[in-house]
Amino acid sequence: DQQVKQNSPSLSVQEGRISILNCDYTNSMFDYFLWYKKYPAEGPTFLISISSIKDKNEDGRFTVFLNKSAKHLSLHIVPSQPGDSAVYFCAASGETSGSRLTFGEGTQLTVNP
Amino acid sequence: EAGVAQSPRYKIIEKRQSVAFWCNPISGHATLYWYQQILGQGPKLLIQFQNNGVVDDSQLPKDRFSAERLKGVDSTLKIQPAKLEDSAVYLCASSLKTGWGTQYFGPGTRLTVL
Chain A
9 DQQVKQNSPS
19 LSVQEGRISI
29 LNCDYTNSMF
39 DYFLWYKKYP
49 AEGPTFLISI
59 SSIKDKNEDG
69 RFTVFLNKSA
79 KHLSLHIVPS
89 QPGDSAVYFC
99 AASGETSGSR
109 LTFGEGTQLT
119 VNP
Chain B
32 EAGVAQSPRY
42 KIIEKRQSVA
52 FWCNPISGHA
62 TLYWYQQILG
72 QGPKLLIQFQ
82 NNGVVDDSQL
92 PKDRFSAERL
102 KGVDSTLKIQ
112 PAKLEDSAVY
122 LCASSLKTGW
132 GTQYFGPGTR
142 LTVL
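Here the protein sequences come in this chain order: A and B. In this text, residue positions in the first sequence follow the working numbering: the first is 9, and each later residue adds one. In this text, residue positions in the second sequence follow the working numbering: the first is 32, and each later residue adds one.
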């Protein structure tokens with residue numbers, strides 16, 4: 009039962025262009041969503057989050073959009089930089105699951121110079 | 032501020048052997064989590080502690096996995112006996128509080144079961 013799904017295992021973009029990573033969820037009880045970035049041999053690092061009362065949250069080059077009716081969120085990185093190359097995980101939590109995070113499978117982003 | 036520390040970083044064992052992982056969370060963080068990340072998948076929560084009490088262990092295979100958090104600080108996760116399918120990265124995370132508090136992850140322990 010995959011409640012959080014990232015359908016694209018990989019994404020390749022040119023430096024300076026926009027990267028768009030997508031995530032879908034099925035559990036309507038999820039009300040808080042996060043993106044984590046992971047470099048090889050390191051643990052995931054928190055990037056940005058959004059609660060269900062918002063539809064957009066922005067932090068520098070990173071913006072997360074939430075479409076609750078579609079149960080879909082996306083992470084936009086503008087402009088993309090080679091240092092952004094990493095695996096990006098979408099995660100969700102809800103009141104009924106406490107602070108348990110349910111993660112997607114991850115998307116490998118490669119930003120080419 | 033020191034991050035979440037984990038050891039060992041790598042471990043190779045034979046199936047049916049036992050193994051233990053150690054985690055030291057960020058100072059002052061009351062909540063500690065153990066995740067299992069199998070190759071190609073996202074991390075999956077195994078157990079969550081609030082101080083030294085268990086909050087959520089619903090996804091912990093209790094017949095072979097155990098965890099403790101003595102004195103509400105360090106934690107150990109044990110597998111006894113290990114199976115081939117336990118090969119994964121075991122991640123420890125901590126947060127200041129439960130709920131929407133950001134979770135900070137350690138580097139993980141990569142376990143290979145032969």
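Ideal Cβ placement from N, Cα and C applies to all residues, glycine included.
Just to check my reading of the structure: B/F96 and A/P52 have Cβ atoms closer than 8 angstroms, yes? What is that Cβ distance to the nearest angstrom? Residue numbering aside, residue 96 of chain B sits at position 65 when the second sequence is read from its first letter. Residue numbering aside, residue 52 of chain A sits at position 44 when the first sequence is read from its first letter. Not quite, the Cβ-Cβ distance comes to about 21 angstroms (not below 8 angstroms), so this is no contact.
Beta carbon proximity, B/T133 to chain A, threshold 8 angstroms: Sequence index remark: in the second sequence, residue 133 of chain B carries index 102 (1-based). Judged by the 8 angstroms Cβ criterion, B/T133 is in contact with chain A.
DSSP three-state assignment for A/D32, whether helix, strand or coil: Indexing the first sequence from 1 puts residue 32 of chain A at position 24. Note: A/D32 maps to strand in three-state DSSP.
Span of the beta strand (DSSP E) around A/Q116: Taking the first residue of the first sequence as position 1, residue 116 of chain A is located at position 108. Segment T115 to N120, the beta strand (DSSP E) holding A/Q116.
On the DSSP bridge assignment, give the partners of B/L76 in chain order. Within the second sequence, residue 76 of chain B is the residue found at index 45, counting from 1. B/L76 is bridged to B/Y66.
Helix, strand or coil: which one does DSSP assign to B/G137? Numbered from its first residue, the second sequence carries residue 137 of chain B at position 106. Shown here, B/G137 sits in coil according to DSSP, grouped into three states, outside any helix or strand.
Who are the neighbours of B/G137 on chain A, taking C-beta pairs under 8 angstroms? For the purposes of this step, residue 137 of chain B is taken as the residue at position 106 of the second sequence. Here the neighbours are G51.
Check each residue of the region 52-68 of chain B: if its Cβ is closer than 9 angstroms to any Cβ of chain A, include it; give the result in chain order. The residues in question are T62, Y64, Y66 and Q68.
B/V81 versus A/S101: straight-line alpha-carbon distance, rounded: Counting from one through the second sequence, the residue named residue 81 of chain B turns up at place 50. Counting from one through the first sequence, the residue named residue 101 of chain A turns up at place 93. Per the sequence presented here, residue 81 of chain B reads as Gln, with Val not at that position. Each residue's Cα considered, the two are about 17 angstroms apart.
What's the C-alpha gap between B/P118 and B/T143? Locating residue 118 of chain B in the second sequence gives position 87, where the first residue counts as 1. Locating residue 143 of chain B in the second sequence gives position 112, where the first residue counts as 1. At residue 118 of chain B the sequence reads Ser, which differs from the Pro that was named. Going by C-alpha positions, B/S118 is about 5 angstroms away from B/T143.
So B/T62 and A/S107 are in contact, right, with Cβ under 8 angstroms, and what is the actual spacing, rounded? Start at 1 with the first residue of the second sequence, and residue 62 of chain B comes out as number 31. Start at 1 with the first residue of the first sequence, and residue 107 of chain A comes out as number 99. Right, their Cβ atoms sit about 7 angstroms apart.
Within-8 angstroms CB hit, A/F73 to chain B: The residue labelled residue 73 of chain A in the question sits at position 65 within the first sequence. With 8 angstroms as the cut-off, A/F73 does not count as an interface residue toward chain B.
Helix, strand or coil at B/D117 according to DSSP, with G and I counted as helix: Within the second sequence, the letter at position 86 stands for residue 117 of chain B. In this structure, B/D117 counts as helix in the three-state DSSP scheme.
Report the residue from A/Q116, A/V119 and A/L83 whose alpha carbon sits nearest the alpha carbon of A/S57. The count along the first sequence starts at 1 and reaches residue 57 of chain A at position 49. Of the candidates A/Q116, A/V119 and A/L83, the one whose C-alpha sits nearest the C-alpha of A/S57 is A/L83.
Mapping DSSP to helix, strand and coil, what is B/K102? As a working mapping, residue 102 of chain B is identified with position 71 in the second sequence. B/K102 falls in the helix class under three-state DSSP.
Ordered along the chain, which non-local residues of its own chain (more than five positions away) have a Cβ less than 8 angstroms from that of B/K46? Counting from one through the second sequence, the residue named residue 46 of chain B turns up at place 15. Cβ neighbours of B/K46 beyond the five flanking positions: P112, A113, K114, L115, V144 and L145.
Which partner residues does B/K109 have in the DSSP bridge list? Here the question's residue 109 of chain B lines up with position 78 in the second sequence. Answer is B/A51 and B/S97, bridged to B/K109.
Chain A partners of B/S126, CB-CB under 8 angstroms? Your numbering for residue 126 of chain B matches position 95 in the second sequence. Here the neighbours are S107.
Amino acids of chain A, ordered along the chain, whose beta-carbon sits closer than 8 angstroms to that of B/P74: Position 43 of the second sequence, counted from the start, is the residue given in the question as residue 74 of chain B. The answer, in chain order, is P52, F97, L109 and F111.
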